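**Student:** Residue numbers (the numbering used here): 31 to 474. Each residue gets a CB set at the ideal place from its N, CA and C atoms; glycine is no exception. Remember, predicted model here, so these are calculated numbers, not experimental data.
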């Protein structure tokens with residue numbers, strides 16, 4: 031083989047190699063990791079919060095010297111919980127099984143007791159985020175109030191009870207009595223500065239406490255700001271670029287073929303649904319539902335405004351976080367004041383919330399106010415209504431009614447007005463102030 035043939039062969043091989051390499055470059059597909067369906071982009075609408083920010087008591091009752099005083103002051107309650115967070119609870123044990131009805135009521139409402147009430151039940155593992163427990167393993171049950179026995183301050187130890195009122199479930203914990211010294215000085219000794227309350231049995235073996243006298247609360251007006259709905263699209267869908275949008279009779283609809291987000295533009299309410307995760311056959315636990323919903327909202331910073339834990343249903347797999355203002359829950363018939371979450375069989379099934387936030391205030395507290403009737407007058411009103419079956423009343427409380435300012439053409443002005451509410455057959459209904467004799471306190 032001569033030299034020219036060798037060069038020709040080598041040249042042919044080089045050309046073939048070059049063609050092969052070019053083909054590989056053109057057809058090469060990198061082996062990137064596939065982003066899972068559970069992936070959510072890091073879009074934040076608001077800020078993250080802790081359990082302490084969201085799971086708060088809403089009322090405190092002081093049973094002292096055969097009288098009861100109560101407060102819903104969120105600043106006062108926050109100071110109290112900060113005080114309790116420095117305590118160490120130990121030797122937790124269940125004690126309620128053998129209590130009679132009268133013994134149970136005395137344990138909870140008896141003299142020298144302080145009741146700290148949550149809006150609904152919370153599990154012990156969530157309570158651990160608020161308080162210090164020495165036990166590594168806590169009960170799996172849930173409670174809705176903490177009862178502090180303030181009578182044993184001179185002993186070495188004192189009792190604190192963790193109670194599920196409807197289930198009459200009681201767990202007793204121990205604390206060093208030294209913790210009660212500052213607690214009594216800071217809170218119990220001054221408890222008579224709060225409104226005096228009276229007890230009323232609204233259902234079988236269920237007592238609630240209402241203020242004896244009329245009570246004043248401020249009303250508020252704010253500018254309502256709309257949150258850019260594209261941020262919700264980017265936060266809730268795993269691939270926002272694959273989402274299509276179309277207009278409906280009520281507003282807008284977004285979908286990626288698996289999940290659906292609908293906007294009610296009239297009420298500015300957003301509903302997000304994962305149909306494939308619908309669960310109809312089983313309940314869940316309080317702990318799981320709280321953790322799953324809290325983490326979901328936290329991932330996109332959905333806690334705009336002061337949303338706090340309010341209601342839970344393990345059977346419905348549903349939890350509600352409600353807007354609070356001035357320490358009171360806010361209600362709106364269109365859903366503008368609540369954030370609800372339904373857990374599916376693997377992850378979220380349904381999420382509904384407003385896509386608005388409270389803007390700057392238009393009135394100061396001193397410019398508007400309402401005097402609400404006493405608890406006695408509220409009961410008289412409810413008992414006088416023929417269409418109300420009082421045996422179905424579960425609770426009575428003061429809240430804020432959220433509405434748009436209908437006197438203005440600009441619907442972006444909202445009003446928070448203090449109003450009596452009653453929990454009736456599972457739903458909170460307002461008692462219209464004009465019907466029950468509510469009056470302006472002269473500050474408007």
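1) Using the beta-carbon count (16 or more within 10 Å), is residue 224 buried or exposed?
2) Who pairs with residue 451 in a beta bridge, going by DSSP?
3) Classify residue 298 as buried or exposed, calling it buried when 16 or more other Cβ atoms lie within 10 Å of its own Cβ.
4) Where do the N-terminal and C-terminal ends of the beta strand (DSSP E) with residue 148 fall, by residue?
5) Determine, using beta-carbon pairs with one atom in the segment 400–409 and one in the segment 238–250, whether at least three such pairs fall under 8 Å.
6) According to the neighbour-count rule (16 or more other Cβ atoms, all chains shown, within 10 Å of its Cβ), is residue 462 buried or exposed?
7) In whole angstroms, give me the CA-to-CA distance for residue 295 and residue 209.
8) Assuming residue 178 contacts residue 143 under a Cβ cut-off of 8 Å, what Cβ separation, rounded to an integer in Å, is found between them?
9) Note the first and the last residue of the continuous alpha helix (DSSP H) segment covering residue 189.
10) Can you tell me where the alpha helix (DSSP H) with residue 392 in it begins and where it stops?
11) Using 8 Å as the cut-off, can you tell me whether the segment 375–389 makes contact with the segment 326–338, which would need three or more C-beta pairs spanning the two stretches below that distance?
12) Please classify residue 422 as buried or exposed, where buried requires at least 16 other C-beta atoms within 10 Å of its C-beta.
13) Since I believe residue 369 is in contact with residue 314 (beta carbons under 8 Å), could you give me their beta-carbon distance rounded to a whole number of angstroms?
14) When you compare the CB positions of residue 357 and residue 174, do they come within less than 7 Å of one another, or not?
15) Just to confirm before moving on: does the CB-CB distance between residue 304 and residue 378 stay below 7 Å?
16) Quick one: grab the DSSP three-state call for residue 417.
17) Whose C-beta lies closer than 6 Å to the C-beta of residue 125 among residues of the same chain, with five residues either side of it excluded?
18) Please check the pair residue 320 and residue 156, which I expect to be a contact at CB under 8 Å, by giving their CB distance rounded to whole angstroms.
19) Sort 363, 455, 399 and 400 by Cα distance to residue 383 and report the nearest one.
20) Between which residues of its own chain and residue 469 is the CB-CB distance below 6 Å, once the five residues before and five after are set aside?
21) Quick check for students: name the residue ranges of the beta strand (DSSP E) that lie wholly in the segment 303–359, counting only runs of 3 or more.
22) Considering only their Cβ atoms, is the gap separating residue 85 from residue 502 smaller than 7 Å?
23) So the alpha helix (DSSP H) residue 114 belongs to, where does it begin and stop?
24) Does DSSP classify residue 174 as helix, strand or coil?
25) Cα-Cα, which of 107, 171 and 140 is closest to residue 123?
26) With residue 528 as the anchor, note down where its alpha helix (DSSP H) starts and where it stops.
27) Which same chain residues end up closer than 6 Å to residue 272 when comparing Cβ atoms and leaving out the 5 residues on each side of it in sequence?
28) State the Cα-Cα distance for the pair residue 153 and residue 97, rounded to the nearest angstrom.
29) Between residue 354 and the rest of its own chain, which residues show a CB-CB distance below 6 Å, the 5 nearest in sequence each way excluded?
30) Look at the alpha carbon of residue 301 and the alpha carbon of residue 359, and state the distance between them as a whole number of angstroms.
31) Check residue 236 in the structure and name its three-state DSSP category.
32) Use the C-beta contact count for residue 68: other C-beta atoms within 10 angstroms, 16 or more gives buried, fewer gives exposed.
33) Using a threshold of 7 Å, state whether the C-beta atoms of residue 248 and residue 140 are closer than that.
34) For the segment 235–306, list the beta strand (DSSP E) runs that are entirely contained and at least 3 residues long, ordered along the chain.
35) Do you know how far the Cα of residue 256 is from the Cα of residue 290?
36) Does the beta-carbon of residue 457 have 16 or more other beta-carbons within 10 angstroms, so that it is buried, or is it exposed?
**Tutor:** Looking at the coordinates:
1) buried
2) Secondary-structure assignment with DSSP links residue 451 through a beta bridge to 427 and 460.
3) buried
4) 143–153
5) yes
6) exposed
7) 52 Å
8) Cβ-Cβ separation between residue 178 and residue 143: approximately 7 Å, consistent with a contact (criterion under 8 Å).
9) Unbroken run through residue 189 is the beta strand (DSSP E), 187–194; no alpha helix (DSSP H).
10) Run containing residue 392: none; DSSP gives neither H nor E here.
11) yes
12) exposed
13) Wrong, their Cβ atoms sit about 18 Å apart, outside the cutoff.
14) no
15) Yes, they are a contact pair.
16) coil
17) In chain order, 200 and 202 place their CB closer than 6 Å to the CB of residue 125, counting only its own chain and leaving out the 5 sequence neighbours on each side.
18) 5 Å
19) 363
20) Here the model assigns residue 469 a pLDDT of 42, short of 50, so the residue's position is not dependable, and the following value carries that caveat. Once the five neighbours on either side are set aside, the close Cβ partners of residue 469 are 401.
21) The beta strand (DSSP E) runs lying completely inside the segment 303–359 and spanning 3 residues or more are 337–343 and 348–355, given in chain order.
22) Only positions 31 to 474 of the chain appear in the structure, and residue 502 is not among them; the question remains open.
23) 104–114
24) strand
25) 171
26) Residue 528 is absent from the model: the chain starts at 31 and stops at 474.
27) The beta carbon of residue 272 lies closer than 6 Å to those of 286 in the same chain, with the five residues before and after it left out.
28) 31 Å
29) 336 and 338
30) Those two C-alpha atoms are separated by around 22 Å.
31) strand
32) Confidence is the limiting factor: at residue 68 the pLDDT is only 42, short of 50, which leaves the residue's position unreliable and the question unanswerable from this model.
33) no
34) Inside the segment 235–306, DSSP marks whole beta strand (DSSP E) runs of 3 or more residues at positions 236–241, 245–248, 250–256, 274–277, 281–285, 290–294 and 299–303, from first to last along the chain.
35) Distance between the alpha carbons of residue 290 and residue 256 is about 20 Å.
36) exposed
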